[in-house]
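Here is the structure we will look at.
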Amino acid sequence: MLRTSVLPCIFAVFLMIGLTGCEKKSGEAVVLAKEHIDARLPNAETPNAAVALPRESPGGGQETTRAAGTQSESEPTPDVEIREMADDEIAVDGYVMKPEVRGTGRDPRALKDEQWIVKVRMLGNGHTFQVLADRAQWEQLRENDRVRVRYRTGKYTGTVWAAEIE
């Protein structure tokens, strides 16, 4: 009895969040750049695989923990240290890497599948964001081409959550 009345309520809540959480927009955009990133190598060590995250300890101080379970609970973790970029490193989308690693399976942005990324700038409002495309679309596009893009933005932040090339 309870199961039959709870399920429609949960569905209704998710539907309301989906309809009110984002605004759908579309418009003309200019292709700024294209990038292909290979699929992540199995068991590949990436430079940013273990990121130390600060958090407040129960005793009131601050401690760091490793993301993704890279260290056991009993081992002490080092403090996060900010350093200068080396001369042979580049910064791409907030990740620091060697130039020869960019776009390969060792790229810290690599996922389990290949990515075909198109960076676009909207003509109407000047927003710049990345769109995941399929291989056929990616190969047809050139820099400075005009494309029609559909995208969703957060109502309060203006963050682009999803985008596709029409």
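For any residue, its number in the numbering used here is found by taking its place in the sequence shown, counting from 1, and adding 688. Glycine is no exception: its CB is placed at the ideal position from the N, C-alpha and C atoms.
Inter-residue spacing [alpha-carbon to alpha-carbon] between residue i and residue j
i: Val848; j: Gln803; result: 18 Å
i: Met810; j: Ser693; result: 45 Å
i: Trp826; j: Glu723; result: 9 Å
i: Tyr839; j: Gly793; result: 28 Å
i: Lys807; j: Glu831; result: 9 Å
i: Phe817; j: Pro787; result: 22 Å
i: Met704; j: Ala850; result: 18 Å
i: Cys710; j: Val837; result: 16 Å
i: Pro796; j: Pro730; result: 13 Å
i: Gln828; j: Val718; result: 14 Å
i: Thr841; j: Lys713; result: 8 Å
i: Gly861; j: Val701; result: What is shown of the chain runs 689 to 854, which leaves residue 861 out entirely.
i: Pro696; j: Val819; result: 34 Å
i: Gln750; j: Thr845; result: Unreliable placement is indicated for Gln750, whose pLDDT of 43 sits below 50; the coordinate value is still reported in the next sentence. Going from the Cα of Gln750 to the Cα of Thr845 covers about 30 Å.
i: Lys843; j: Ile725; result: 31 Å
i: Gly814; j: Glu854; result: 19 Å
Residues near residue i by beta carbon distance below 7 Å, same chain, minus five either side
i: Arg823; result: Trp804
i: Val780; result: Arg790
Classification of residue i by the beta-carbon crowding that lies within 10 angstroms, buried from 16 upward
i: Arg771; result: exposed
i: Met855; result: Past the boundaries of the shown model lies residue 855; the chain is included only from 689 to 854, so the question cannot be answered.
i: Asp801; result: exposed
i: Ala821; result: buried
i: Arg834; result: exposed
i: Ala798; result: buried
i: Ile698; result: exposed
Neighbourhood of residue i by C-beta, 6 Å cutoff - its chain only, sequence neighbours within 5 removed
i: Gly715; result: Met810, Gly812
Spatial neighbours of residue i in its chain, beta-carbon cut-off 8 Å, leaving aside the 5 residues before and after
i: Ala727; result: Gly793, Ala798, Leu799, Lys800, Asp801, Glu802
Just to confirm the assignment: which complete beta strand (DSSP E) runs, minimum length 3, are found wholly within the region 810-844?
816-821, 834-842
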